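Here the structure is laid out as C-alpha cells; the discussion comes afterwards.
There are 4 protein chains.
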Amino acid sequence: MSTPTFKRLPRAVREQQMLDAAVKVFSRRGFHAASMDEIADEAGISKPMVYAYLGSKEELFTACLHQEGTRLMEAIVGAVVPDLPFDEQLWRGLRAFFRFVGAHRDGWAVLYRQARGERPFADDLAAMRSRIIEVVAGMLDRGLVAQGREVRAAELEVMAYALVGAAESLADWLADHPDADPDGMATRMMNFGWTGAGSMLAGHQWRPPPAAD
Amino acid sequence: MSTPTFKRLPRAVREQQMLDAAVKVFSRRGFHAASMDEIADEAGISKPMVYAYLGSKEELFTACLHQEGTRLMEAIVGAVVPDLPFDEQLWRGLRAFFRFVGAHRDGWAVLYRQARGERPFADDLAAMRSRIIEVVAGMLDRGLVAQGREVRAAELEVMAYALVGAAESLADWLADHPDADPDGMATRMMNFGWTGAGSMLAGHQWRPPPAAD
Amino acid sequence: MSTPTFKRLPRAVREQQMLDAAVKVFSRRGFHAASMDEIADEAGISKPMVYAYLGSKEELFTACLHQEGTRLMEAIVGAVVPDLPFDEQLWRGLRAFFRFVGAHRDGWAVLYRQARGERPFADDLAAMRSRIIEVVAGMLDRGLVAQGREVRAAELEVMAYALVGAAESLADWLADHPDADPDGMATRMMNFGWTGAGSMLAGHQWRPPPAAD
Amino acid sequence: MSTPTFKRLPRAVREQQMLDAAVKVFSRRGFHAASMDEIADEAGISKPMVYAYLGSKEELFTACLHQEGTRLMEAIVGAVVPDLPFDEQLWRGLRAFFRFVGAHRDGWAVLYRQARGERPFADDLAAMRSRIIEVVAGMLDRGLVAQGREVRAAELEVMAYALVGAAESLADWLADHPDADPDGMATRMMNFGWTGAGSMLAGHQWRPPPAAD
DNA sequence: AATGAATGAGTCTTCATTCAT
DNA sequence: GATGAATGAAGACTCATTCAT
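Here it is as C-alpha cells:
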C-alpha cells in the first residue's frame, strides 16, 4: 500500500524511454513519415500510453526538439569556461558541439534535418538557433573589444551566422561519417573560423572589385 | 481584352505552371504536408493533369528539385568567368548564388529546407551539393597552387564544406529577409570566407591548446 | 470529290481494328482492369475515336462478346452438316469448337473467363450458352428418338450441361496449351462424352447405393 | 435482451465476420467492382479494421479464395471413405461437392466465376483445381488397375479434366437454382460421368470417321 | 475525321486519435 | 496503469468520359 511496487516503471523513466524512441524514429523518418505506431513499437509500449504521457504527435515532436536542443545547449554552455581567452572559449564550445553531434546523431538529425522544414516547429528551432547565434556574436564582440576594435551589431550577427552555418555543415558531415573524429572536426572548424574571423577582427577586409554590375 | 482564353494550353506551358506551383507549395508545406490537391489548385488545373504530365508526387518533387538545382547551378556557373583571378571568381559565384536565393526564395526553401530531411530525396540533393563542394574545393586548390602551397585533398574538402555551409546559412537568412541586399550578403560572405581561407592559405594555422581533454 | 480518298480508313475497317484490340486487351486484363487508354493504344487510335465508333466501355465489351460469341456459334453451326448420323454431327460440332478455341484464344478468354463474373454481361453470356445447350440437347434427343428411347427434357438438359461443361473445361485447358492439338482434344472429348452419353442412351444407369445418408 | 453488445469483439470473431462479408460482396460484384467500403459495411465494421486484420484488397480476396477452397476440399476429402469400391468413392465425393456448392453459393461464385479471370488469382485457383484433378485422375487410375487395364497418364488427366469440368458446370447451374436438389445433381453427374468413364474403362472407344478434313 | 487537353468522381490505403475493458 | 479494438478524416492515384481545336 505505502510504497508502490515498481514493476510498472515510474513515470519519468517511461517518458524517457518514449522520448528516446521518438527521437530515433523521427530522425530516420521525419515528422510526417514517422507513425505513432512505429514510435510506440520502438518504445515497447502501447500507443495509448504515448498519448497519455506525452500528448499529441506535435507535442511529442516538440518535446523531442526541446530535449535535444536543451542537451545541446547545455553541452556547449557547460564546456565554455568563462575567464578564458575568447579563442579558447570558442574552441571549447566547438569541441563540445562536435562531440555532442558525434554522440547524438539521432538528436542532431531531428534538430537539423527534420525540424527545419516542418512549419509548426521551425520557429521553435529558430529560437534555439538564435540563442546560439547570440552567444557566438557575444564572443566575437568581446574579442573585438579586447582588441580595441568595434563592429556594428548587425555585422557581428552576420558573421555569427556564417560561423554557425559552417559549423553546422561540418557537423552534418560528421553525423554521416561515424568514423570521423569529432575533436579533429572541431580543430578544422576552429582553424577555418578563427583564422577567418581572426583576420577580419584584425581589420583585414576584402572589397568587391569596382566594376561590379 | 483581346484573346486570353486560359484553357487548352500546350503541354510545355502547363508543365511549367505545374512545376512552379509545386515549388511554391512544397516550399511552404514540405513534401509530406503538401497535398496534390493544393498543388493542382495552385496551378489552376485539375489533379489528373498533374499526374498525366509529371507523374507521382515523388516524381514531381524530384522534378522540382532538379529544376531548382539546375537553375541554381547554371546561375553560378554562368557567372563565373574563367581566366579571372580566383578570388574574383569566388566573388562572382557567391554573388550569383545570393542573387539566386534572393530571387527564388521558394526554390531555395525546397532545396535547403525540405529536401534535406526526406529520405528519398536526400541523395539527389547530396549529389548536387557534392558538385558544388567540388567546384569550391577546386577553386581553393587552384588558389593554393597559385601561391605555391599545397594541402591534402581531404582538408580541402572539409574547408569547402565549411565555406559552403557558411554561405548556405547566410543564404537561408537572406531567404527570410526579403529586404536584405543579396550583393551585400555576398560581400559579407566573401569577407568572411576569403579572409578566413586567405589567412589559412597564407599558412596561418590555429592549433588546439595542449591540455585538451 | 466523287470517290472518297481512302487514306482515312473506312469505318468498318476501323471498327474491326478496335474490336480486335479490345478483345486482346479484355482477354488479358478483364473488363475492369482493362483501360480505355490501353485499348486505344493497342488499336493505334485515339481514345475519342473509340468512343465515337463503339460507345461506352460497357458497349464495347458487349460488342466484343457478341462478336466472339457469334463467331463461335457460326463456326459450330457451319460445321454441323444436317442429315448425318448424329454422333458424327456431334463430332463435327466439337471439332469446330476446339478448332475455334485454338485459333481464337483471346476471344475464348473473354467469353469464358472474363464475361462470366461481370454482372452486367453474365446474362448475355448465359443466353449464348443456352443456345448451345439447346442445340446439344436437341442432338441428344434426336439420338434417343432414333434409338426408340425417350428421356425427360429436364434430364436431357442436365446431360447437355454436363457435356458442354466438360467440353469447356477441355477447351480452357487447350487455350492455355498452344501446342496441344485441337482435333485430338475433340477426339478425346468425343470419346468421353459419347461413350458416356452413349451408354446412358443405351439404358445403362448408375444408381446410388441404398444406405445414402 | 440480456447481453449482446455488438462491439469490441475479439479479433478472431471479427476476422471471420469480415471474411464472410467479403465472400458475399466479392461473389456478387467481382474483385474489381467490389469496394472495400461495401465489404466493411457488409461486415458492420469500419474500413481500417479490415486493413488492420486482413491487409490489402488483394490479400483479402486471396484469403477468401483460400478459405472457400479449403472448405471445399475438406468437404470432399472428408466425405470420401477409403477402402470403398471406387465408384462409391466417386459418388460420395460428388455428393459432398454438390452439397457444398448448394450450401455455399457465394463461396462457389468467388471460386468459379470471379477468381478465374483475375490475373493475380488465377494461379492460386489453378493450383487448387490441379489438386482436385489429380485426385480424380487417381481414382480413375485405381479403377482401371482394378480392371486390369491401363491408360497413359496424359489421357487420364484429360479425362479427369472433362469430368471435373462437367461437374463444375452442373454445380454452377445448381448455384443459380436454389430449389434444385444437390443429391439429385450428384446422381445425375455420377450417371453421366460414371457410365461414360465406365464404358471407356471397359474398352469402348469412339474413333473419328476416316474422311476427317 | 481526328486528337491532345482536361476533369469529376471514385477507390484504395493510411494515420492520428480515442474508447471500453 | 495498460492495451486491443475501433474509427473519422484525409490523401494519393486512376479512369471513363468529354471538349475544343
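Residue numbers (the UniProt record's numbering), protein chains in the order written: chain A, 1 to 213; chain B, 1 to 213; chain C, 1 to 213; chain D, 1 to 213. Where a beta carbon is used, it is the ideal one built from N, C-alpha and C, also for glycine. This one's a predicted model, so the numbers in the text were calculated from it and none came from an experiment.
CB contact check: residue i to chain B, cutoff 8 Å
i: Ala153(A); result: no
i: Ala34(A); result: no
i: Phe98(A); result: no
i: Gln114(A); result: yes
i: Arg142(A); result: no
Beta-carbon proximity check, residue i vs residue j, cutoff 8 Å
i: Ala167(D); j: Met189(D); result: yes
i: Leu170(B); j: Ala162(A); result: yes
i: Ala75(B); j: Arg95(B); result: no
i: Val136(C); j: Val164(C); result: yes
i: Met36(A); j: Val13(A); result: no
i: His32(B); j: Ala33(A); result: yes
i: Gln17(D); j: Ala43(D); result: yes
i: Phe86(D); j: Arg142(D); result: yes
i: Leu9(B); j: Cys64(B); result: no
i: Gly69(B); j: Pro182(B); result: no
i: Leu60(A); j: Glu15(A); result: no
i: Phe100(D); j: Met185(D); result: no
i: Val23(A); j: Asp83(A); result: no
i: residue 248(A); j: Ile39(A); result: In the structure as shown, chain A starts at 1 and stops at 213, and residue 248(A) therefore has no counterpart that could be examined.
i: Arg92(C); j: Val81(C); result: yes
i: Gln89(A); j: Gly117(B); result: no
Proximity test, Cβ basis, 8 Å: residue i and chain A
i: Ser130(B); result: no
i: Ser56(B); result: no
i: Phe121(B); result: no
i: Gly102(B); result: no
i: Leu170(B); result: yes
i: Gly117(B); result: yes
i: Pro4(B); result: Low local confidence applies: a pLDDT of 43 at Pro4(B) is under 50, so the model's placement there is unreliable, with the coordinate-based value given in what follows. With 8 Å as the cut-off, Pro4(B) does not count as an interface residue toward chain A.
Test: residue i CB closer than 8 Å to a CB of chain C
i: Met61(D); result: Before going on, a small fix: residue 61(D) reads as Phe here, not Met. No, no contact with chain C.
i: Tyr18(D); result: Reading off the sequence shown, one finds Met at residue 18(D), where the question assumed Tyr. No - not a single Cβ of chain C is within 8 Å of the one on Met18(D).
i: Arg11(D); result: no
i: Arg188(D); result: yes
i: Trp173(D); result: yes
Residue-level contact to chain D via CB, residue i, 8 Å cutoff
i: Gly138(C); result: no
i: Gly30(C); result: yes
i: Asp124(C); result: no
Handout entry: Inside the region 159–197 of chain D only - beta strand (DSSP E) runs reaching at least 3 residues
Key = none
Practice task
For the region 66–95 of chain B, enumerate the residues whose C-beta is nearer than 7 Å to any C-beta of chain A, in chain order.
Solution key: Glu88 and Trp91
Handout entry: Sequence ranges, alpha helix (DSSP H) only - wholly within the region 82–132 of chain D, length at least 4
Key = 86–103 and 105–108
Exercise for the section: Pair every Cβ in the region 127–141 of chain A with every Cβ in the region 122–131 of chain B, then say whether three or more of these pairs are closer than 8 Å. Expected result: no
Problem - Inter-stretch contact at 8 Å, needing at least 3 Cβ pairs: the region 108–123 of chain B / the region 14–27 of chain B - result: yes
Handout entry: Cβ-based contacts, 8 Å cut-off: residues of the region 154–165 of chain B near chain A
Key = Glu155, Val158, Met159, Tyr161, Ala162, Leu163, Val164 and Gly165
Problem - Touching by the beta-carbon criterion (3+ pairs, under 8 Å), the region 150–157 of chain C and the region 117–125 of chain D - result: no
Handout entry: Contacting positions in the region 39–51 of chain C - beta carbon closer than 7 Å to chain D
Key = none
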